[in-house]
Amino acid sequence: MSLRPKIIFFIIVGVLTLFFLYLQREILTPFIIAAIFAYIFNPLINFFSKYLKLPRSLSIILVYMILITSVLYIGNILTRELMHEAENIRGIVLNYISYLKSNLNSLPPVVRPYIASYTEFPKIQLGTLGLSAFPVFSFALSGILHFLVFVFATFFFLKDNEKFTNKFLLLVPPEERVEVSTLIKKINNVLSKYLRGQIILIISLAIMLFVGFSLLGIKNALTISILSAVAGLVPIIGTLVAIIVGTFVIVLSGGISAFQIGILETVLIVVGIYYGAQLIQDYLLSPFILGKAVRLHPLIILFAALAGGNMAGILGLILAVPVAATIKILLEFALDRINHRYYLQTKK
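Heads up: take any position in the sequence shown, counting from 1, add 842, and you land on the numbering used here.
So this is what it looks like as structure tokens:
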């Protein structure tokens, strides 16, 4: 098979594979999350295997035990406070909805239908949550199955990642294997550095926000800080939504109890805390943790986030940046190969 038909063949196979995966995206969710966890914890597995001389399977089981113990311990500390704060926030939202409903007639007629529809939906969702047993049972069963698939998939991704790579390289012509192997390592480096870095950045941002809010006596500081930090996973949009929603909830929760100030001053101080924490993350932590792992223009990041969200929901939003970075690497590789072959042909 000559070069051009071979390229066309692989392009067609790649497009059909991506289309099939898109159709099966709901089934793929636990596998994608498993792959993310494998990228994050693979260095820890390598450490146990190399320095403690443990078999790789035993290293994975040991990491599982450490994770489960850590989650149970931290969960035991945080769950009660988070549930208490979540209930407080729920009450605040319902009270505000009731306030809007009672003052609906005082609003301009043009906006009344919109306010009515937006206030009715969250009230129905918050008020009827958990009333139907069958959907809850079905959701729980589906969640358990997805969790089991995730656990097993993560185990085999961690255990056999090199085997998967070697099997794939066998499909590549021998003269191309060195370059393709280098390409795979480059993609792995970008994905692993980005995913592990994001975990560190989320924890750092949550701590900074929690400390700032707590010092000012802001209620529900733990829940607001964690949710705001997690929202930052969604590029650009997530940060803006976190600032707007977080500030709104803080104002409704009673504002800053450490000082007797008005709503405008409260908003400015809270936005200032968000902005300050974001500056520290973007200009001090991110360059040190992520380096130049993802070098994409902000417009490309925004487009990737919107496209990912449209195609795969929240998971698509979270994975938009690493996927866009991977596509960039693949395009650079393809263009480099095309230019190289063109150069060789012109020399002849």
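Where a beta carbon is used, it is the ideal one built from N, C-alpha and C, also for glycine.
Keep in mind it's a predicted model, so treat the numbers as computed, not measured.
Candidates the options, of which the one nearest residue i by Cα
| i | options | result |
| --- | --- | --- |
| V1113 | L1094, F1090 and Y1125 | F1090 |
| G856 | Q1040, T1188, N1181 and I1169 | I1169 |
| Y941 | F862, L1094 and L920 | L1094 |
| A1063 | E923, L894, V905 and L896 | E923 |
| F998 | L863, Y906 and D1124 | Y906 |
| V1072 | I1156, I1092, I882 and V935 | I1156 |
| G1096 | L1011, P1015, Q1123 and I934 | I934 |
| V1076 | A877, V1163, T911 and I908 | V1163 |
| A1100 | V1014, I878, P1140 and F1055 | F1055 |
| I869 | S984, L1177 and I1103 | S984 |
| V1165 | Q866, I853 and I874 | I874 |
| M925 | I1068, L1141 and I1042 | I1068 |
| E1018 | R1179, T1188 and I853 | R1179 |
| M1153 | L860, I854 and I853 | L860 |
Residues of its chain near residue i, where Cβ-Cβ distance is below 8 Å and the 5 sequence neighbours each way are ignored
| i | result |
| --- | --- |
| N884 | L1000, N1003 and S1034 |
| K1028 | I1171 |
| P872 | H988, F989, V991, F992 and A995 |
| A1014 | Just to set this straight, residue 1014 is Val in the shown sequence, not Ala. Correct list, in chain order: V1022. |
Per DSSP, cross-strand counterpart(s) of residue i
| i | result |
| --- | --- |
| I854 | Bridge partners of I854: none, in fact. |
| I1060 | I1098 |
Proximal residues to residue i (C-beta, below 6 Å), its chain only, five neighbours per side dropped
| i | result |
| --- | --- |
| I966 | Residue placement at I966 cannot be trusted, given a pLDDT of 47 that sits under 50; the coordinates are not used to answer. |
| G1088 | I1066 and S1070 |
| L973 | Note that L973 scores 46 on pLDDT, short of 50, meaning its location in the model is unreliable; the coordinates nonetheless yield the value given after this. If we look at L973 and ignore the five residues flanking it on each side, it has no Cβ neighbours. |
| L1025 | F1175 |
| L886 | V905 |
| Y802 | Not covered by the structure: residue 802. The range shown for the chain is 843 to 1190. |
| I1160 | L1075 |
| M1050 | A1119 |
| R1038 | I882 |
Neighbourhood of residue i by C-beta, 7 Å cutoff - its chain only, sequence neighbours within 5 removed
| i | result |
| --- | --- |
| V1053 | none |
| S891 | R898 and S901 |
| I1098 | L1058, G1059, I1060, T1108 and I1111 |
| G1074 | I1044, L1047, G1080, T1081 and A1084 |
| A880 | T996, F999, L1000 and N1003 |
| S1023 | L1011 |
| I931 | N1062, T1065 and V1091 |
| E927 | N1062, L1064 and T1065 |
| L1127 | L1043 and S1046 |
Residue i, enclosing alpha helix (DSSP H) - first and last residue
| i | result |
| --- | --- |
| P1129 | S1128 to I1131 |
Ordered list of beta strand (DSSP E) runs contained in the segment 1069-1113, each at least 3 residues = Runs found: none.
Could you pull out every unbroken alpha helix (DSSP H) segment of at least 4 residues lying fully inside the segment 864-949, listed in chain order?
-> Listed in chain order, the alpha helix (DSSP H) runs fully inside the segment 864-949 are 867-893 and 898-944, counting runs of at least 4 residues.
At what residue ranges does the segment 1008-1067 contain a whole run of the alpha helix (DSSP H), taking only runs of 4 or more?
-> For the segment 1008-1067, whole alpha helix (DSSP H) runs of length 4 or above, ordered along the chain, are 1019-1057.
In chain order, which beta strand (DSSP E) runs of at least 3 residues are fully inside the segment 1134-1184?
-> Runs of the beta strand (DSSP E) inside the segment 1134-1184: none found.
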